[in-house]
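Chemist: Residue numbers (this note's numbering): 1 to 363. Think of the CB as a built atom: it goes at the ideal place given N, C-alpha and C, for glycine as much as any other residue.
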């Protein structure tokens, strides 16, 4: 039983560390997912959940750091009762979220592993149920012991907490260290908008009380349809919702032609004005060598008022806010494309100079 207790602690702790580190890499992504939950709960439960939306980012930082630290704590058996009950509470909370998502299909991706590993709501819920069982077994098998931790254990927990906070704030003020999204540097956006292979389906039909499975739907009218299964959903497009337009029509295909620098402004009312000033300087220094456009989800009147107030005189187009937040984790952010291939991405704290942009485009 002692060995089972140790193995379970390592498994639970390892999963918490893995999940937490992926999200420490991108706390803004986790905050976006929390905002999505808050909006759903505000609509379906109580309006006060809207009050948590502005707190999504600090809550995300606390949550992702806790995941990593709790994973380390349970592996080294740091203050076991406190650690175990905290993990239990966290898993119960996650199980509620994923269970609610699975049953109602309101949030189709829990963000358990950020953008690195996508799970369906039911897969996420199943994972949390297994974790819940494992932590309960750990608590049952745990033998009472003195709760006092030694200085080395305190040091490990303190150092890991500080390191995770530093990493999280660095990712917030710049960009994720590792970009798992379909809009990352090197990605060819038109390719990511297409299936990677032909879709394969299996058809279950019945005849004379028996069920049969076919790769193509049979022509025999005596077969009655039962169900259809998508065998290779992973072959679907990585990008399904990218579109760019203005009042004159669709601009999406034009995005993938030539050299274009896009200023991502999903909400101009919350944009960083220092970043806007730096981007203005960059645009002027490029002197027309690269086409520059703004992509926004703000209303036309709001955007134009903002542009006039900040002397931000570049052509703008509309794109869905969620898509823009996926492309860039900063507001504003920069996204450089060459014939549809992403050549560069920048946070507003890291606006490049014109020579860096031209070098990436080999101009």
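Nearest to residue 29 by alpha carbon, out of 339, 6 and 110?
Modeler: Counted from its first residue, the chain shown places residue 29 at position 29. Nearest of 339, 6 and 110 to residue 29, Cα basis: 110.
Chemist: What does DSSP give as the partner residues of residue 227 in its beta bridges?
Modeler: The residue you call residue 227 lines up with position 227 of the chain shown. Looking at the DSSP assignment, residue 227 forms a beta bridge with 204.
Chemist: Tell me where the beta strand (DSSP E) around residue 294 begins and ends.
Modeler: The count along the chain shown starts at 1 and reaches residue 294 at position 294. First-last of the beta strand (DSSP E) with residue 294: 291-296.
Chemist: Mark residue 299 as exposed unless 16 or more other C-beta atoms lie within 10 angstroms of its C-beta, in which case mark it buried.
Modeler: Within the chain shown, the letter at position 299 stands for residue 299. Exposed, by the Cβ-count rule.
Chemist: Taking the straight line between their C-alpha atoms, what separation do you get for residue 315 and residue 344?
Modeler: What you label residue 315 is simply residue 315 of the chain shown in a count that begins at 1. What you label residue 344 is simply residue 344 of the chain shown in a count that begins at 1. Their Cα atoms are separated by approximately 20 Å.
Chemist: Taking the Cβ atom as the reference point for each residue, do residue 171 and residue 180 lie within a distance shorter than 8 Å?
Modeler: Counting from one through the chain shown, the residue named residue 171 turns up at place 171. Counting from one through the chain shown, the residue named residue 180 turns up at place 180. Not closer than 8 Å, so no.
Chemist: Let me know the beta strand (DSSP E) ranges lying completely inside the region 262-342, each 3 residues or longer, listed in chain order.
Modeler: The region 262-342 contains these whole beta strand (DSSP E) runs: 291-296, 316-318 and 333-338.
Chemist: So residue 85 is in the beta strand (DSSP E); what residue range does that whole segment cover?
Modeler: As a working mapping, residue 85 is identified with position 85 in the chain shown. It is not in any beta strand (DSSP E) - residue 85 instead sits in the alpha helix (DSSP H) that spans 80-104.
Chemist: Go ahead and label residue 271 buried or exposed: buried means 16 or more other beta carbons lie within 10 angstroms of its beta carbon, across all protein chains shown.
Modeler: In the chain shown, counting from the first residue as 1, residue 271 sits at position 271. It counts as buried.
Chemist: Could you check if residue 330 is buried or exposed, using at least 16 other CB atoms within 10 Å of its CB as the buried criterion?
Modeler: Locating residue 330 in the chain shown gives position 330, where the first residue counts as 1. So residue 330 counts as buried.
Chemist: Alpha helix (DSSP H) containing residue 211: first to last residue?
Modeler: For the purposes of this step, residue 211 is identified with residue 211 of the chain shown, where counting begins at 1. No alpha helix (DSSP H) contains residue 211, which is instead part of the beta strand (DSSP E) from 210-214.
Chemist: Can you tell me where the alpha helix (DSSP H) holding residue 188 begins and where it ends?
Modeler: If you number the chain shown from 1, residue 188 lands on position 188. Taken as a continuous stretch (DSSP letters only), residue 188 belongs to no alpha helix (DSSP H), as it is neither H nor E.
Chemist: Restricting to Cα atoms, I'd like to know which of 293, 5, 320 and 362 is closest to residue 143.
Modeler: Looking up residue 143 in the chain shown gives position 143. The shortest C-alpha separation from residue 143 is found at 5.
Chemist: Around the Cβ of residue 235, are there at least 16 other Cβ atoms within 10 angstroms (buried) or fewer (exposed)?
Modeler: Within the chain shown, residue 235 is the residue found at index 235, counting from 1. Exposed, since its Cβ has fewer than 16 Cβ neighbours within 10 Å.
Chemist: Write down the C-beta distance between residue 57 and residue 31 rounded to the nearest angstrom, noting that I regard them as a contact closer than 8 Å.
Modeler: For the purposes of this step, residue 57 is identified with residue 57 of the chain shown, where counting begins at 1. For the purposes of this step, residue 31 is identified with residue 31 of the chain shown, where counting begins at 1. Right, the Cβ-Cβ distance comes to about 4 Å (below 8 Å), so this counts as a contact.
Chemist: In this structure, does DSSP put residue 113 in helix, strand or coil?
Modeler: Within the chain shown, numbered from 1, the residue matching residue 113 stands at position 113. Here residue 113 sits in strand by DSSP.
Chemist: Specify the secondary structure class of residue 5 as computed by DSSP and reduced to three states.
Modeler: Indexing the chain shown from 1 puts residue 5 at position 5. Of the three classes helix, strand and coil, the one that applies to residue 5 here is helix, per DSSP.
Chemist: Tell me which residues share the same chain as residue 309 and place their Cβ nearer than 8 Å to its Cβ, disregarding the 5 neighbours each side in the sequence.
Modeler: Here residue 309 refers to the residue found at position 309 of the chain shown. Answer for residue 309: no residue qualifies.
Chemist: Evaluate the contact criterion for the region 318-335 versus the region 217-233: three or more CB pairs, one atom per stretch, below 8 Å.
Modeler: Cβ pair count under 8 Å is below three, so no.
Chemist: Measuring CA to CA, which of 287, 349, 359 and 268 is closest to residue 278?
Modeler: Translated into positions along the chain shown, residue 278 becomes position 278. Ranking 287, 349, 359 and 268 by Cα distance to residue 278 puts 349 first.
Chemist: Please state if the CB of residue 286 and the CB of residue 357 are separated by a distance shorter than 8 Å.
Modeler: As a working mapping, residue 357 is identified with position 357 in the chain shown. As a working mapping, residue 286 is identified with position 286 in the chain shown. For residue 357 and residue 286, yes; Cβs fall inside 8 Å.
Chemist: Quick one: is residue 108 buried, meaning 16 or more other Cβ sit within 10 Å of its Cβ, or exposed?
Modeler: Stepping through the chain shown from its first residue, residue 108 is reached at position 108. Under this definition residue 108 is an exposed residue.
Chemist: Starting from residue 65, trace the alpha helix (DSSP H) both ways and give me its first and last residue.
Modeler: The residue given as residue 65 occupies position 65 in the chain shown. Where residue 65 is concerned, the enclosing alpha helix (DSSP H) stretches over 56-75.
Chemist: Residue 179 bridges to which residues according to DSSP?
Modeler: Here residue 179 is taken as the residue at index 179 of the chain shown, counted from 1. Paired residues: none, contrary to the question.
Chemist: Beta-carbon within less than 7 Å of residue 217's beta-carbon, same chain only, minus the 5 sequence neighbours each way: which residues are those?
Modeler: Indexing the chain shown from 1 puts residue 217 at position 217. Taken in chain order, the residues that qualify are 203.
Chemist: What did DSSP end up calling residue 258 once you bin it into helix, strand or coil?
Modeler: For the purposes of this step, residue 258 is identified with residue 258 of the chain shown, where counting begins at 1. In this structure, residue 258 counts as coil in the three-state DSSP scheme.
Chemist: Using three-state DSSP, classify residue 236 as helix, strand or coil.
Modeler: Residue 236 sits at position 236 when you count from the first residue of the chain shown. If DSSP states are grouped into helix, strand and coil, residue 236 belongs with coil.
Chemist: Which residue comes first and which comes last in the alpha helix (DSSP H) that contains residue 440?
Modeler: As displayed, the chain neither begins before 1 nor continues past 363, which places residue 440 out of reach and without an answer.
Chemist: Inspect the beta-carbon positions of residue 164 and residue 68 and report whether they are closer than 8 Å.
Modeler: The sequence position of residue 164 within the chain shown is 164, counting from 1. The sequence position of residue 68 within the chain shown is 68, counting from 1. In this structure, residue 68 lies closer than 8 Å to residue 164 by Cβ.
Chemist: Please classify residue 48 as buried or exposed, where buried requires at least 16 other C-beta atoms within 10 Å of its C-beta.
Modeler: Here residue 48 is taken as the residue at index 48 of the chain shown, counted from 1. With fewer than 16 Cβ atoms within 10 Å of its Cβ, residue 48 is classed as exposed.
Chemist: Could you check what DSSP says for residue 246 in three-state terms: helix, strand or coil?
Modeler: Against the chain shown, residue 246 aligns to sequence position 246. Strand.
Chemist: My understanding is that residue 61 touches residue 168, with C-beta atoms under 8 Å, so please give their C-beta distance in whole angstroms.
Modeler: Looking up residue 61 in the chain shown gives position 61. Looking up residue 168 in the chain shown gives position 168. Their Cβ separation, rounded to whole angstroms, is 5 Å, which keeps residue 61 and residue 168 in contact under 8 Å.
Chemist: Can you look up residue 174 in the DSSP assignment and give me helix, strand or coil?
Modeler: Counted from its first residue, the chain shown places residue 174 at position 174. Correct three-state label for residue 174: coil.
Chemist: Can you tell me which of the three DSSP states residue 33 falls into?
Modeler: Residue numbering aside, residue 33 sits at position 33 when the chain shown is read from its first letter. If DSSP states are grouped into helix, strand and coil, residue 33 belongs with the helices.
Chemist: To which residues does DSSP link residue 158 through a beta bridge?
Modeler: Within the chain shown, numbered from 1, the residue matching residue 158 stands at position 158. For residue 158, which the question treats as bridged, DSSP gives no partner whatsoever.
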